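Visitor: The sequence shown maps to residues 1 to 254 in the working numbering.
This is the structure, below, for whatever I ask next.
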Amino acid sequence: MRYFVLLVLLALPTCALAAPLPAGFPSQTIWVSKTSAAEGETLVISTVVFNSATEALSGTLVFTANDTRIGAREFELPSGESQVHSIEWKPRQGEYQLAARIEGTSAELSQGETPSVLITVAAPPPPSVAQQTMSQVAQIASSSVPFVREITTTIFDAIEPYRQNGIERLEEYLASSHGESEPPGAVAGTSTVNIAGFEEMQKKTGDVLSSLARTVAAGVLFIFKNIALFYPALALLVLGTLYVLARRIRRQSD
1 MRYFVLLVLL ALPTCALAAP LPAGFPSQTI WVSKTSAAEG ETLVISTVVF NSATEALSGT
61 LVFTANDTRI GAREFELPSG ESQVHSIEWK PRQGEYQLAA RIEGTSAELS QGETPSVLIT
121 VAAPPPPSVA QQTMSQVAQI ASSSVPFVRE ITTTIFDAIE PYRQNGIERL EEYLASSHGE
181 SEPPGAVAGT STVNIAGFEE MQKKTGDVLS SLARTVAAGV LFIFKNIALF YPALALLVLG
241 TLYVLARRIR RQSD
């Protein structure tokens, strides 16, 4: 009996010491969506945090690869609960030791860091034929952009004066034709002479043609004033002319 009491007395100091909280990570609780992956793939790294203590636990969950921080999650864990946290990670080729640890808490945890897991990231697969073709097209396009811009600027500088001159001439034509189209007023005290049928028909035809010409000129003036319409219309006109000439040359050769 004396020995039992002595053992109890010896154990009292040990029990009196502050024991770590039963919180943190259970063993082997970090996992990866793939343990073998290729460079360029996105991996999901997950772990679980539990709290068996009577008070809430909060802190920062830090994920590491070869002791280098690759992501973090803030968490607040009530008593008696657990949470799963994940991050996405896109590694390069090589081997990595992945782990997670809890930071930013003053509580003494029974386990504040997970054991590490090893993953191997292989070299990226060779690009497919379609990817190689698209890459070459992108390179050609990027290298030809300055050349295309220079040609476009040269064409614009050469054509723009003609466009401005065309706008002025069309505006002058519409202004003059509008003044001519107004019928002269009748003079008081005079009488009109009946016009022969042929002359009347000729006058009506001239009026119709003049009105049609003014309508066409107004439409062309609208296109000339709108750059977004003028240059596409000019390009279509040039392409149409080249197409007609090509067909004529082909017919002559046949």
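The beta-carbon is built from N, C-alpha and C at its ideal position, and this holds for glycine as well.
These numbers come from a predicted model, not from an experiment.
(1) So the beta strand (DSSP E) Gln83 belongs to, where does it begin and stop?
(2) Would you be able to state if there are at least three C-beta pairs under 8 Å between the segment 57-76 and the segment 36-44?
(3) Count the other C-beta atoms from every protein chain shown that fall within 10 angstroms of the C-beta of Ala99, then say buried if there are 16 or more, exposed otherwise.
(4) Leaving out five residues on either side along the sequence, give the residues of the same chain with a beta carbon under 7 Å from the beta carbon of Glu103.
(5) Please report the straight-line C-alpha distance between Val238 and Ser211, rounded to a whole angstrom.
(6) May I ask you to list the residues that DSSP assigns as paired with Glu172?
(7) Alpha carbon to alpha carbon, how far is Ile119 from Gly112? Give it in angstroms, no decimals.
(8) From what residue to what residue does the alpha helix (DSSP H) around Arg73 run?
(9) Could you please give me the residues that DSSP links to Gly59 through a beta bridge?
(10) Ordered along the chain, which non-local residues of its own chain (more than five positions away) have a Cβ less than 8 Å from that of Ile223?
(11) What are the boundary residues of the alpha helix (DSSP H) that includes Gly240?
(12) Report all residues from its chain with a CB closer than 7 Å to the CB of Arg214; omit the five preceding and five following residues, and keep chain order.
(13) Which one of Ala217, Leu221 and Lys34 has the shortest CA to CA distance from Val117?
(14) Within this structure, are the beta carbons of Thr114 and Val84 separated by less than 9 Å?
(15) Under 8 Å Cβ to Cβ from Gly189, same chain only, skipping five residues before and after it: list those, please.
Guide: Put simply:
(1) Counting along the chain, the beta strand (DSSP E) containing Gln83 begins and ends at Glu81 to Trp89.
(2) With the rule of 3 Cβ pairs closer than 8 Å, the segment 36-44 does not count as touching the segment 57-76.
(3) Looking at its Cβ environment, which holds 16 or more other Cβ atoms inside 10 Å, Ala99 is buried.
(4) Listed in chain order, the non-local C-beta contacts of Glu103 below 7 Å within the same chain comprise Gly59, Thr60 and Val62, local neighbours out to five positions each way being set aside.
(5) Going from the Cα of Val238 to the Cα of Ser211 covers about 28 Å.
(6) In DSSP, Glu172 forms no bridge with anything.
(7) Taking the Cα positions, Gly112 is about 22 Å away from Ile119.
(8) First-last for Arg73: Thr68 to Leu77, but that is the beta strand (DSSP E), not the alpha helix (DSSP H).
(9) DSSP lists Phe75 as partners of Gly59.
(10) The beta carbon of Ile223 sits closer than 8 Å to those of Leu229, Phe230 and Ala233, all from its chain and outside the five residues before and after it, given in chain order.
(11) Element bounds for Gly240: Ile227 to Ser253.
(12) The beta carbon of Arg214 sits closer than 7 Å to the beta carbons of Leu174 and Ser177 from its chain, once the five residues preceding and following it are set aside; these are given in chain order.
(13) Per the Cα distances, Lys34.
(14) The answer is no: Cβ separation not under 9 Å.
(15) Residue confidence for Gly189 is low, a pLDDT of 49 falling below 50, so the modelled location carries little weight; the figure read from the coordinates is stated next. Within the same chain, Gly189 has no close Cβ partners at all.
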